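Engineer: For the record, the sequence lines run as chains X and P.
For what it's worth, the numbering used here labels the leading residue of the first sequence as 1, then goes sequentially.
For what it's worth, the numbering used here labels the leading residue of the second sequence as 1001, then goes sequentially.
Ideal placement from N, C-alpha and C gives every residue a C-beta, glycine not left out.
Note that the coordinates shown come from a computational prediction; the quantities given were computed from them, not determined experimentally.
2 protein chains.
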Amino acid sequence: MKLQGLHGQVVDGLGRSLAGGELRAGEVLRLEDVQERFGVSRTVAREAVRVLESKRLVSSRPRVGVTVRPMSAWNLYDPQVIRWRLTSPGREGQLRELAELRAAVEPAAAALAAQHAGPAVRQELMDHARALTAAARAGDKEGFVSADAAFHRVLLGASGNGMFAQLAEVTEELLVARRDLLLLPERLDNPAVRRHLDVAAAVAEGRGEDAARAAGSIVAAARDEVESILDGTACPLAT
Amino acid sequence: MKLQGLHGQVVDGLGRSLAGGELRAGEVLRLEDVQERFGVSRTVAREAVRVLESKRLVSSRPRVGVTVRPMSAWNLYDPQVIRWRLTSPGREGQLRELAELRAAVEPAAAALAAQHAGPAVRQELMDHARALTAAARAGDKEGFVSADAAFHRVLLGASGNGMFAQLAEVTEELLVARRDLLLLPERLDNPAVRRHLDVAAAVAEGRGEDAARAAGSIVAAARDEVESILDGTACPLAT
DNA sequence: TAAGGTGATTTGATAGTACGATTCGGGAGA
DNA sequence: TCTCCCGAATCGTACTATCAAATCACCTTA
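#1: Starting from the Cα of V1199 of chain P, find the closest Cα among P:A1117, P:A1025, P:P1079 and give me that residue.
#2: Would a C-beta distance cut-off of 8 Å place R122 of chain X and V193 of chain X closer than the cut-off?
#3: Please list, in chain order, all residues of the same chain as N963 of chain P whose beta carbon is under 7 Å from its beta carbon, the five residues on each side excluded.
#4: Provide the residue(s) that pair with L1029 of chain P in DSSP beta bridges, ordered along the chain.
#5: Would you call the region 4-14 of chain X and the region 35-51 of chain X touching, i.e. three or more CB-CB distances under 8 Å?
#6: Please work out which residues of its chain come closer than 7 Å, Cβ to Cβ, to A215 of chain X, disregarding the five sequence neighbours upstream and downstream, and give them in chain order.
#7: Secondary structure at V1040 of chain P, three-state DSSP: helix, strand or coil?
#8: Pick out the complete beta strand (DSSP E) segments inside the region 39-117 of chain X, 3 residues or longer, and give them in chain order.
#9: What does the alpha-carbon distance come out to for the pair T67 of chain X and L23 of chain X?
#10: Could you confirm whether any beta carbon from chain X is found closer than 8 Å to the beta carbon of L1003 of chain P?
#11: 8 Å is my cut-off, CB to CB: does T239 of chain X come that close to chain P?
#12: Any Cβ of chain P within less than 8 Å of the Cβ of V51 of chain X?
#13: Since A165 of chain X meets chain P, which of its residues come closer than 8 Å, beta carbon to beta carbon?
#14: Given that E1026 of chain P touches chain X, what residues does it touch there, using C-beta distances under 7 Å?
#15: Could you have a look at S217 of chain X and say whether DSSP puts it in helix, strand or coil?
#16: Ignore the nearest five residues each way along the sequence and tell me which others in A220 of chain X's own chain have a CB closer than 6 Å to its CB.
#17: Which residues in chain P sit within 9 Å of R46 of chain X, going by Cβ to Cβ distance?
#18: On a CA-only basis, which of X:H152, X:E173, X:A177 is nearest A165 of chain X? Give me that one, please.
#19: For P1119 of chain P, collect the residues of the same chain with a Cβ closer than 8 Å to its Cβ; drop the 5 residues on either side in sequence, then sort them by chain order.
#20: Is it right to say A1222 of chain P is buried, meaning 16 or more other beta carbons lie within 10 angstroms of its own, or is it exposed?
#21: When Cβ atoms are compared, which residues of the region 77-111 of chain X fall closer than 7 Å to chain P?
#22: Along the chain, where does the alpha helix (DSSP H) containing G8 of chain X start, and where does it finish?
#23: Taking 7 Å as the cut-off, does the CB of A220 of chain X come closer than this to any heavy atom belonging to the ligand PLP?
#24: Thinking G15 of chain X and P89 of chain X are a contact (beta carbons under 8 Å), I'd like their distance in whole angstroms, please.
#25: Does the Cβ-Cβ distance between L1197 of chain P and A1129 of chain P come in under 8 Å?
#26: Using the beta-carbon of each residue, which ones in chain X are nearer than 9 Å to A1054 of chain P?
#27: Against chain P, with Cβ distances strictly below 8 Å, would G162 of chain X count as a contact?
#28: Considering just the uninterrupted stretch of the alpha helix (DSSP H) at A120 of chain X, what are its terminal residues?
#29: Kindly list the residues whose CB is nearer than 8 Å to the CB of D1078 of chain P, restricted to its own chain and excluding five residues on each side of it in sequence; keep chain order.
#30: Could you tell me if L156 of chain X is buried or exposed, where buried requires 16 or more neighbouring beta carbons within 10 angstroms of its beta carbon?
#31: Can you list the residues of chain X that H1007 of chain P reaches, using a CB-CB cut of under 7 Å?
#32: What alpha helix (DSSP H) runs, 4 residues minimum, are completely inside the region 144-203 of chain X?
#33: Within 10 angstroms of the Cβ of S1041 of chain P, are there 16 or more other Cβ atoms? Answer buried if so, exposed if not.
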């Protein structure tokens, strides 16, 4: 990610410290501290604080300084915040939450897609599903991940719900995190993969209920996989 | 909502213009335009643009100015963005999307709450459900809405998922919007209300599946109600 | 001891200036 | 006539200096 401008670097640096717990809730820091820590002018420090304030990570008040807000107040859906949490000690919790969110949303998105998707989108969905299964059979990890990401991006976008569609970005980060975490199983070809074809077919034929059910089994499996890894129970994708 | 600072007013003013479609995607405006439009200094205008940029509503580049990004790029989960969309011509679309999101998430939250909720929370949930049904029977609209909001806030918070919990804020706005939209039906006492007791009971007894099912029927009804109103089909809460 | 005021500290806001990057247009060469 | 390169205009970027406003802590006073 290309950090634009000097203030972007300050935002990123502070954001990481916040997400990493280095700066805990309730702590206050003066604008001057920010200036010194990053070697920037007051203007840049102020802009950085403004941005962090808009993400609800901090609140700035005269005479008291910049106080860190509790994590429950943060804009947890902000992609940048998600990224910070994903590269911090709280990484596991963020992964679990994302997996749960995805498990909740994607079945609904699939059902909506079955209602609203146009012919081109239905075709595209089917193509991605086929590419996915082909990559799985061939053991092509790179192609697998990209086809998986593309499939879910199209599916979420086809829901006609902008908020659903926007989850594609974080879903992709979940997928790459999963890849990095377990280096992908040797056997890519598992039941969950074939479900993608079921989803594509159900969407193509307008069967919303079936699309939701098939999508549900995919994301539930992914969620359970993430949870089992985080619990150290190992044996991902066993079922 | 208390707009803090001069720059906050500029952010809000620009945000409304953007959400309202007054400034369309691709349009560019110079920093100087912002200064003149709101009668503020360069610094304030810059801070406002920075905040809008962090919400992904605009992107600022040298030599070209501040360009409006397409709505699909915006941080649609930012509470402020939601509020702007909720007070703009696109209001109906935002309401529909929120209702769909809620319908997807709350069953999952209920299931998680059944697993994780402590005794105090289970009691609190039951209390709110009882207050809700009492208010419904008494025809107390104010008490009804506040009990409803409190119930869903506790439920989402009890899921142990911070991202779910954060949807409580927007859910409440959905509830008040619904109230304003149809002035609440005369008969508050309907099947969906009684389901709240089912949810509370299922959570209290750790029956995740049942909790999800009961919560699902509540939010599905609410979603269909919103959709029927927006389609002009009238007759809300009929079923 | 309690209430009120006053001062010091920190953010809020503005003005002015220098710098850098990017785009547009003109001119030279093929 | 077309292409490529270079310069200039333009706009955002960044810094400094300065004043205003708000708030908390301390001190005075009843």
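Structural biologist: Concretely, from the data shown:
#1: P:A1117
#2: no
#3: Outside the shown range of chain P, which is 1001 to 1239, sits residue 963 of chain P, and nothing can be said about it.
#4: P:V1066
#5: yes
#6: E106, P107, A110, V199
#7: coil
#8: 58-61, 65-68
#9: 10 Å
#10: no
#11: Reliability of the predicted coordinates at T239 of chain X is poor, the pLDDT of 40 falling under 50, and no value is obtained from them.
#12: yes
#13: S1072
#14: Correcting the residue type first, residue 1026 of chain P is Gly in the shown sequence and not Glu. Per Cβ cutoff of 7 Å: no residues; G1026 of chain P is ~18 Å from chain X at best.
#15: helix
#16: A103
#17: T1043, E1047
#18: X:H152
#19: none
#20: buried
#21: Y77, D78, E97, E100, L101, A103, A104, V105, A108
#22: 5-19
#23: Ligands displayed in this structure: none; no statement on the ligand PLP is therefore possible.
#24: Contact doesn't hold; Cβ gap of about 14 Å is too wide.
#25: yes
#26: The displayed chain sequence assigns Ser, not Ala, to residue 1054 of chain P. Under the 9 Å cutoff, chain X gives V11, R50, V51, L52, S54, K55, D78, Q80.
#27: yes
#28: 119-138
#29: K1055
#30: buried
#31: R50
#32: 162-182
#33: exposed
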